[in-house]
Every structure is written in structure tokens, then in C-alpha cells.
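Okay, so here's the structure we're looking at.
Protein chains in written order, with my numbering: chain A, 11 to 400; chain B, 539 to 848; chain C, 44 to 331.
Pasting the structure below:
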């Protein structure tokens with residue numbers, strides 16, 4: 011795997027490549043890729059939409075990489091730029107070192123699983139899967155064999171002569187996968203491939219997809235707006251918003267160490283704490299209590315830190331202090347029963363501005379519960395508090 | 539059918555992105571997208587050339603002819619330009635024919651609307667199966683030969699035809715149905731009724747009937763719900779259908795020729811007469827342009843009011 | 044008797060928005076009235092065509108007398124042949140050109156597209172009479188030019204008729220095909236490109252088979268319009284090139300005869316066969 015985060019000075023000169031750490035050629039390398047769509051108004055007007063904004067990205071050979079973000083964040087456009095369905099306004103798209111930015115899709119060694127699957131309705135499953143090989147001029151015998159193997163691999167044996175419409179959503183999804191994988195692409199692009207399936211089937215398919223990826227060893231670039239999906243399946247995740255890649259890292263990185271408020275908010279839930287740094291470098295909450303934070307921060311500055319509700323332990327008010335934990339005394343304001351957990355909102359009893367915390371406690375047998383109005387003590391490990399960049 | 543160029547973009551999660559505009563997009567992709575744009579133009583070029591040559595150019599020739607003059611022998615003299623042909627458009631005879639055409643077309647349109655609206659509503663509220671069958675039953679006469687369908691009324695309305703016989707049987711004396719404005723309106727309604735039914739059906743079928751339920755839920759009577767919800771929502775269909783009936787009715791030729799008489803000349807027949815018997819081509823050309831103008835105004839009303847599909 | 048909501052899924056959902064029974068009855072009654080209005084004249088005409096009597100109003104015996112007369116009528120047969128020739132030529136050309144125009148407008152973006160779009164729609168909304176005048180004057184001018192340049196004067200005939208029919212049929216074909224294209228999921232064509240198909244292969248193997256019902260529908264519409272046209276054809280036809288509708292129109296203006304009834308009945312049946320054929324094609328090929 012290559013590095014975790016990309017920092018490239020803006021500039022035209024791309025040699026030597028600052029992202030090339032010598033660990034081998036990236037499967038997909040995007041350099042300062044920008045895609046602008048002209049607005050609906052007059053040509054050359056100011057109403058252009060910047061769908062992708064100076065994206066730098068390296069996806070390593072063999073990894074399962076997810077592009078995660080809300081609707082309209084540019085993740086699908088980024089995928090389409092790799093697939094060749096859009097050409098970038100500026101920047102470079104390299105696939106295993108070859109510049110591909112302006113190559114049409116049929117000249118790129120990548121294949122796509124479309125959101126709608128885009129199975130050819132007038133062809134049988136067999137012909138759908140064999141289409142790519144046929145276009146590449148693979149001769150009949152080899153084609154038949156590879157198609158048969160692939161259909162077997164996705165467990166659709168016996169359905170070769172059916173039409174896509176005669177299959178269920180999950181089966182269609184597998185045909186789409188087989189149709190792409192049979193070509194041995196160097197990179198497989200998947201555009202929300204599970205979006206149309208219901209929850210149960212989606213969870214099964216997540217697992218299957220991940221196993222399939224490990225088996226075939228092909229680089230997967232996976233677009234999704236579903237954080238659980240991304241966290242479950244990916245080796246690494248790139249979180250996008252407003253056409254930019256905000257953070258790249260392993261699921262654990264992204265979840266435990268979000269760098270921006272957006273990432274912390276979009277993936278999971280977070281408490282956002284406004285911290286004031288005093289002259290000695292110690293951080294204070296608005297209610298005056300002191301907490302421990304990572305890194306050096308300028309005296310007198312204010313920073314925001316994120317704290318996950320499930321990183322906080324809730325105890326009775328008489329639980330003893332521990333040196334390795336930060337502590338806040340508070341009163342329970344609200345309790346919501348969630349089935350597998352309880353969500354609490356607690357409010358500190360400090361002197362200054364009150365601090366509210368969301369806390370999540372599991373409902374395992376024997377776990378402690380609290381009622382509204384009860385005095386509680388909240389504790390967390392100092393390193394679960396993450397200071398954000400913005 | 540969309541009149542504007544709104545290419546469908548990716549049906550994915552980024553609906554806010556407008557379409558890229560081939561030759562005008564910013565940046566580096568120009569070369570590739572220009573090549574693609576060229577290919578698109580090339581594919582359309584044969585039709586474009588054909589339409590320019592056999593539609594736009596002829597239109598221009600008609601315009602030129604409308605400013606020409608006519609010699610005593612009926613020859614058209616190009617080069618001796620005048621506005622005489624247009625001046626004659628306000629002759630009382632021409633005005634009478636013009637107003638009659640507008641009147642008969644409006645009456646036909648209104649009758650079509652009155653017949654077609656409840657019909658389309660009925661159609662749109664059937665089950666999917668019977669809707670398909672009923673639609674086919676509407677389409678069959680629509681696709682059948684127009685001349686022959688008009689001729690059928692000539693047979694029906696004739697003095698020895700079944701309708702007159704029937705009416706005389708119940709005591710109506712000296713009845714003349716054929717060669718009257720009534721016959722023309724009947725023929726026009728018969729000929730163009732499907733043009734009204736189909737757009738009306740399309741727009742009523744698209745209405746979310748839970749809106750009607752909401753209106754009823756909010757204490758509206760059935761009539762109030764119709765007037766405040768169904769009717770406004772079906773207006774695009776009403777406008778489209780009205781224009782699709784009005785335009786061919788206004789310029790009709792076959793119907794008034796077969797069902798009308800000498801006292802019910804319509805503009806279409808009058809134009810044809812200028813070319814095939816009177817040999818006054820400049821005047822005929824000016825008349826054609828007058829028809830075209832009315833048609834364009836009608837079409838503009840249609841597109842202004844947001845109509846989009848046929 | 045209920046109002047069904049078909050807005051989203053096409054499933055029939057019974058709603059409480061149904062009109063009262065009385066209103067329902069009126070609606071149903073009107074519907075039957077409209078159907079009777081649409082079909083009775085056609086049926087009467089077909090029945091009358093089998094009347095043995097020379098007088099339309101007097102029914103004697105059913106017979107095929109007028110059909111036999113038709114079979115020996117050289118003028119009718121000649122006109123029919125002309126009609127079929129013109130229809131075949133103009134349908135073929137306009138189907139190819141109209142489909143290309145639809146593709147060009149629906150799948151590409153380029154400058155000047157709006158003008159092309161407008162030009163494509165005009166023939167649909169322009170009244171027949173105006174179009175007829177345009178075609179006549181065009182050929183008169185074009186023939187003058189040819190005569191001046193080559194010394195030979197071409198005559199109005201099947202060629203000028205076919206060219207005129209193509210001029211209005213391109214638009215109708217393009218509209219029908221375009222409707223089909225716009226309903227076609229674009230990612231299907233992208234998938235073809237993704238699977239190594241060249242633009243031509245993608246068109247040939249994916250786009251064309253999927254829009255085929257639209258192309259067939261457009262072709263049938265063009266065929267019908269060509270076989271229907273009276274006004275434009277009568278302006279640009281020359282000696283010996285009369286088509287069947289123009290010939291029948293000439294007869295009709297002179298009066299009603301049992302012979303016209305027979306021709307008309309045949310033409311009606313002919314166009315109905317076309318409709319049914321078109322519906323079968325649309326159904327057989329399925330929808331994308």
C-alpha cells in the first residue's frame with residue numbers, strides 16, 4: 011500500500027512525482043484532476059459546476075478502495091473519469107503508469123459495474139458476459155470457456171440462456187460483475203453496485219464482493235454513499251465532499267482519526283467540542299473543565315475536537331477518577347432506547363457554559379442504565395478525542 | 539419529445555450537474571469532445587442538408603414568389619417586386635374566407651375538447667390492461683386513411699345516405715346536411731379527434747391521483763377537486779391537443795373539398811385554387827405565408843405555455 | 044369502477060378519489076359514444092362496398108361486384124402501383140435519414156443543434172397546403188435551373204413526389220425514434236464502450252437492436268403518411284404519376300359511386316393491417 015495522505019504542492023511540473031514513494035506503480039493515479047461542467051446558462055458564463063476539484067489520488071495495485079461521500083460530492087464523476095466516460099477539464103489520469111485521461115472507455119484496461127447494472131436486455135446472460143471478449147476478438151472456444159467459468163464463479167450456472175429481466179436484482183448484479191471480471195481488467199470500477207438491493211441482500215453481497223475481490227486480486231474502486239458499506243469492505247477509503255478528497259486512509263484511520271468536521275460528521279456520529287487552549291497549552295471546555303489533547307496548539311487559540319459517543323463510558327457519579335481517563339460530571343437529560351443500545355444526552359454541571367455530550371451505551375446484559383435527572387460521570391481515553399483541522 | 543437540447547446525464551447520484559456542452563466546455567478535453575461533436579454533426583448532416591434543400595430553400599422560394607407579380611397570362615414575373623399580393627389579403631372576400639377558416643377551426647377544436655376530455659379521463663382511469671386495449675382502439679382510426687375516412691361522411695351525409703333517410707323517417711323534411719359548415723366541422727372533428735385525445739390522455743394519466751385525494755381530504759367536493767387539481771394539472775394536454783387540432787383544421791383542404799360547398803370555401807382550398815386553376819402564384823404564396831404565420835403563432839403559444847410532448 | 048393511480052409504478056391502486064357513480068356512468072357513456080363516432084362511419088362504408096346496387100342508398104344484395112370491377116380498372120391499378128413505389132422509396136430514405144437525425148440530436152452535443160432541431164420540427168406542424176406550395180415552387184425553380192444548365196427539362200413525376208414525401212417524413216421518423224432513444228438508459232451504451240466496443244460496434248450491437256421497435260414504428264408512420272397524402276402529391280405529380288389517394292380524391296369530388304366505396308374499403312383495410320403489424324412489431328421486440 012502506498013502512503014496514506016496526499017500533499018502535493020500545486021504546480022504544473024509533475025516530475026519527479028512527489029507521490030511516487032518507490033513502492034511500485036499505482037493502479038490508478040489521479041493528479042490535479044478537475045472536471046468542470048458548463049452551467050445551464052449561456053456558454054462561457056460563470057455558472058459552471060466544478061464536479062471534481064483538483065483531486066490527487068493514488069490507488070494501489072490489488073486494494074479495495076472506496077470513494078465515499080454524499081450525493082453530489084463528485085465521487086461518481088471521479089469514477090467516470092477513471093472509466094473514460096468523462097474527460098477531465100485538467101489533470102492527469104494514469105492507469106498503471108499509462109496516461110489515459112483522453113482515451114475513450116474501449117481503450118482503457120478497466121471495466122465498470124454500473125449502478126443500474128446496464129445489462130443488455132436483448133442478449134442472454136451468456137452473451138452479456140461474453141460481450142467484452144467478443145469485442146476484443148477473443149476466439150470462440152476460449153470465449154465460451156471463460157464465460158462458462160465466470161458464470162460458475164458468480165454461481166449463475168444453469169441460467170446462461172436467460173434474459174437479464176428474468177433474473178432477480180441480486181442475480182443481475184452478479185451478471186454485471188461477471189461481465190466486467192471476465193475481461194481480467196486491471197482495475198474494476200463499481201458505481202454503487204448494491205444501491206438497488208434491499209438491506210439483507212446488500213449485507214450478503216458486501217461480504218461476497220469482498221471475498222471475490224480477495225480471490226481475483228484485482229484492484230476495486232468502489233463508489234458509495236453508505237458509510238457502513240465503505241467501512242466494512244474497504245482496505246482504504248477516500249472521503250469526498252464538494253469535488254475534493256478530504257481524507258484518505260484505512261477504515262480505522264477514517265473513523266478514529268477524522269481530520270475535518272465533515273469527515274467526523276459524515277462517518278458515524280460525533281460530539282464536537284470547542285476547546286480553548288490556555289497559556290500553559292492545556293485545553294479547556296466551555297464549562298471550564300480540562301481535557302487532554304494531542305499535539306501542540308497555540309496558546310489562546312480555539313480548536314474543535316471530535317469525540318465519538320461510543321468512546322465515552324457512562325458511570326455512576328461515585329465511580330473513582332482514573333489518571334488514564336478524562337472525566338466530566340454531568341446530569342442525564344434524555345434517554346433514547348435504540349434496541350441494541352441506549353443513547354443518552356448528558357449536560358455538564360460546570361460553572362461556565364454548559365457542555366452537552368451524546369453518549370451511546372451498549373445494552374449487553376449487566377450493563378448499567380441511567381434515568382433522566384441522574385448524576386453521572388462520563389469518562390474517555392484521551393486519545394479518542396481528535397482535534398480537527400477546521 | 540423534447541424541443542430543447544437537454545442530453546440525459548448520468549442517472550446517478552449527482553443530478554445537480556448540468557450537461558457538458560461539447561464545443562464550449564472549458565479546458566483540456568476540447569480536442570476529444572470536439573471530435574465527438576463532429577461525429578454527431580456528421581451523422582445528422584445528410585438529414586440537415588436534405589431539410590435545408592427541400593424545406594428551408596422551398597420556404598424561401600415561396601417568400602420570394604409572394605413579392606412577385608403576375609402577368610396577364612398567368613405567368614409569374616420574378617424581378618418586378620411588389621407588395622400587391624399581401625395587399626390583397628385584406629380584400630373582403632379573402633377576409634371572409636380567413637374568418638370562416640378561423641371560426642370553423644375554433645368550433646372544431648372546442649367540440650373535440652368537449653368530447654375528448656371526459657373520454658381521455660375515462661381512459662386514464664381504467665386498469666392498465668383495458669387502457670392498452672382502448673388506446674389501440676383509438677389509434678386504429680387515427681392511422682387509417684384520412685381521405686377515405688372523410689369520404690365515409692360524404693356517403694353518410696349524402697341526400698340518399700343513411701343519415702338523411704333516418705331523419706326523414708322521423709319526419710324531418712327537406713334536410714340538407716352535405717356541403718354545409720356543419721358537415722365540414724363534423725369532418726374536421728372526425729379527422730382530428732385523436733390528436734386531441736392522445737395528448738390529453740398523456741397528461742391526465744401522468745397526474746398523481748393522490749393529489750385529488752388530498753383535495754377531497756381537505757373537504758373539497760368532487761367538482762372542486764377537479765377544478766382546482768385535475769384541470770390545472772391537465773392543462774398542458776389541453777393546450778397541446780387544442781393546437782394539434784386547430785392547426786390542421788385551419789389549413790384544411792381535403793375536408794372542405796369533400797364535405798363543403800361553394801359557399802363554405804376555406805383558406806386551404808382557396809390557396810390550392812390560386813395554383814391549380816387561377817394561376818396566381820404570387821397571391822397563393824402570400825396566402826401560404828399567412829397560414830404559416832397563424833400556424834407559427836399557435837405553435838409559439840404551445841411552447842410558451844410549456845408544452846413539450848406531442 | 045374506481046380511479047386508479049398509475050403515476051409511479053403502473054400498478055393499479057384503488058384510490059378514494061373516484062368520481063361518484065353517476066359521473067362514472069356519464070364518462071362511460073361518453074366513451075362509448077366516441078367509439079361509435081370513430082367506428083360507425085368506417086363500418087358503414089365497408090358494408091356499403093358490398094352492395095350490389097349502383098345506387099348507394101338502395102341496398103339490394105351483397106356482392107363482390109365492385110371489387111371485381113376494381114380488379115379490371117387500369118387507372119386504379121396504375122395509381123396503386125405509383126403509390127406503392129413512392130411509399131417504398133420515401134419510407135426507406137426517410138427512415139434512414141430520420142434515424143440518423145434522431146441519433147445526432149439525442150446522443151451528441153454540438154453548436155447549431157438548436158437550429159437543426161427547429162428545422163426538423165417545422166415539417167410536422169406546417170399545414171399540408173403550405174408544404175404543397177413550397178414543393179411545387181421548389182421543383183419549378185429547380186427544373187428551370189437544370190434546364191438552363193443542361194438543356195433538358197425534367198418533368199414532375201414519381202421522383203418529385205418521393206422527394207417531397209421524404210421532406211416531411213424525415214421529421215416524423217426522427218420524432219418517433221428520438222422518443223425511443225431518450226428512453227434508452229445511456230449507461231447501456233457506456234457499458235458497451237466499457238466492454239471494448241468501438242462507437243460503431245456499440246451502435247450496431249446495442250443501440251440499434253434496442254431502438255429497432257422505434258425505427259419500425261417510425262417507418263410505419265412514414266409509410267402511412269406517404270400512402271395518405273393528397274395535397275402535396277397532387278401539387279408535384281405529373282402526367283401518369285397519379286397516386287391512389289390523388290386519383291380517388293379526383294373521383295370523390297365528382298360524386299359518390301359504389302366503385303369508390305370498394306377502393307375506400309380496401310384502403311381502410313390496408314391501413315388497419317399496417318397498424319396491427321406495427322403493434323405486433325412493437326410488442327414482439329419488447330421494450331428496453
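All C-beta atoms in this analysis are idealised placements derived from N, C-alpha and C, irrespective of residue type, glycine included.
{"Asked": "Quick one: what's got a C-beta closer than 7 Å to residue 306 of chain C's C-beta in the same chain, skipping five residues either side?", "Found": "113, 119 and 291"}
{"Asked": "Hey, out of C:301, C:250 and C:312, whose CA is closest to residue 95 of chain C's CA?", "Found": "C:301"}
{"Asked": "List the residues of chain C that residue 95 of chain A touches, going by C-beta distances under 7 Å, in chain order.", "Found": "233"}
{"Asked": "Could you compute how far the alpha carbon of residue 833 of chain B sits from the alpha carbon of residue 781 of chain B?", "Found": "9 Å"}
{"Asked": "For residue 105 of chain C, which of helix, strand or coil comes out of DSSP?", "Found": "strand"}
{"Asked": "Select from the stretch 117-131 of chain A all residues with a C-beta closer than 7 Å to any C-beta belonging to chain C, and list them in chain order.", "Found": "121, 122, 124, 126, 128, 130 and 131"}
{"Asked": "Alpha carbons only, please: which of C:66, C:81 and C:140 is nearest the one belonging to residue 336 of chain C?", "Found": "Absent from the model: residue 336 of chain C. The displayed extent of chain C is 44 to 331, so no value can be given."}
{"Asked": "List, from N- to C-terminal side, the alpha helix (DSSP H) runs of 4 residues or more that fit wholly inside the stretch 97-141 of chain C.", "Found": "108-114"}
{"Asked": "Would you call the CB atoms of residue 160 of chain A and residue 191 of chain A closer than 8 Å?", "Found": "yes"}
{"Asked": "Give the DSSP-derived three-state secondary structure of residue 804 of chain B in the structure shown.", "Found": "coil"}
{"Asked": "Select from B:841, B:812, B:840 and B:836 the residue whose C-alpha is nearest the C-alpha of residue 623 of chain B.", "Found": "B:812"}
{"Asked": "DSSP three-state call for residue 395 of chain A: helix, strand or coil?", "Found": "coil"}
{"Asked": "Chain C partners of residue 215 of chain A, CB-CB under 7 Å?", "Found": "Going along chain C, no residue has its Cβ under 7 Å from residue 215 of chain A, so there is no contact; the nearest lies around 20 Å."}
{"Asked": "For residue 648 of chain B, decide whether its Cβ has a neighbour in chain C, counting only Cβ atoms nearer than 8 Å.", "Found": "no"}
{"Asked": "What are the start and end residues of the alpha helix (DSSP H) that includes residue 269 of chain C?", "Found": "251-271"}
{"Asked": "Give me the Cα-Cα distance between residue 758 of chain B and residue 673 of chain B, rounded to the nearest whole angstrom.", "Found": "31 Å"}
{"Asked": "Please look up how many angstroms separate the CB atoms of residue 819 of chain B and residue 588 of chain B, rounded, as I've assumed it's under 8 Å.", "Found": "The Cβ separation is near 25 Å, so there is no contact."}
{"Asked": "Could you please give the first and the last residue of the uninterrupted beta strand (DSSP E) stretch that includes residue 63 of chain A?", "Found": "59-69"}
{"Asked": "Check the DSSP bridge columns for residue 284 of chain A and list the partner residues they point to.", "Found": "A:314"}
{"Asked": "Give me the Cα-Cα distance between residue 580 of chain B and residue 224 of chain C, rounded to the nearest whole angstrom.", "Found": "18 Å"}
{"Asked": "For residue 276 of chain A and residue 237 of chain A, which I take to be in contact (beta-carbon distance under 8 Å), what is that distance rounded to the nearest angstrom?", "Found": "7 Å"}
{"Asked": "Is the shortest distance between the beta-carbon of residue 228 of chain C and the beta-carbons of chain A less than 8 Å?", "Found": "yes"}
{"Asked": "Hey, how far is the Cα of residue 242 of chain A from the Cα of residue 82 of chain A?", "Found": "23 Å"}
{"Asked": "Helix or strand or just coil, what does DSSP make of residue 102 of chain A?", "Found": "strand"}
{"Asked": "Hey, out of C:144, C:129, C:174 and C:190, whose CA is closest to residue 200 of chain C's CA?", "Found": "C:129"}
{"Asked": "Inspect the CB distances between the stretch 171-187 of chain C and the stretch 252-260 of chain C and report whether three or more fall short of 8 Å.", "Found": "no"}
{"Asked": "For chain A, is any of its Cβ atoms less than 8 Å away from the one on residue 153 of chain C?", "Found": "no"}
{"Asked": "Tell me which residues share the same chain as residue 618 of chain B and place their Cβ nearer than 8 Å to its Cβ, disregarding the 5 neighbours each side in the sequence.", "Found": "606 and 607"}
{"Asked": "Taking the beta strand (DSSP E) that residue 347 of chain A belongs to, which residues open and close that run?", "Found": "336-347"}
{"Asked": "Name, please, each residue of chain C whose Cβ falls closer than 9 Å to the Cβ of residue 833 of chain B.", "Found": "168, 169, 170 and 173"}
{"Asked": "Name, going along the chain, the residues of the stretch 128-152 of chain A whose beta-carbon falls closer than 7 Å to a beta-carbon of chain C.", "Found": "128, 130, 131, 132, 141, 142, 145 and 146"}
{"Asked": "Mapping the DSSP letters down to three states, classify residue 534 of chain B as helix, strand or coil.", "Found": "Limits of chain B in this structure are 539 at one end and 848 at the other, which puts residue 534 of chain B out of reach."}
{"Asked": "Are there 16 or more other CB atoms within 10 angstroms of the CB of residue 103 of chain C, so buried, or fewer, so exposed?", "Found": "exposed"}
{"Asked": "At a Cβ cut of 7 Å, what residues of the stretch 247-258 of chain C count as close to chain A, listed as they run along the chain?", "Found": "249, 252 and 253"}
{"Asked": "Which of helix, strand or coil does DSSP assign to residue 232 of chain C?", "Found": "helix"}
{"Asked": "Under 9 Å between beta-carbons, which chain B residues line up against residue 141 of chain C? List them in chain order, please.", "Found": "585"}
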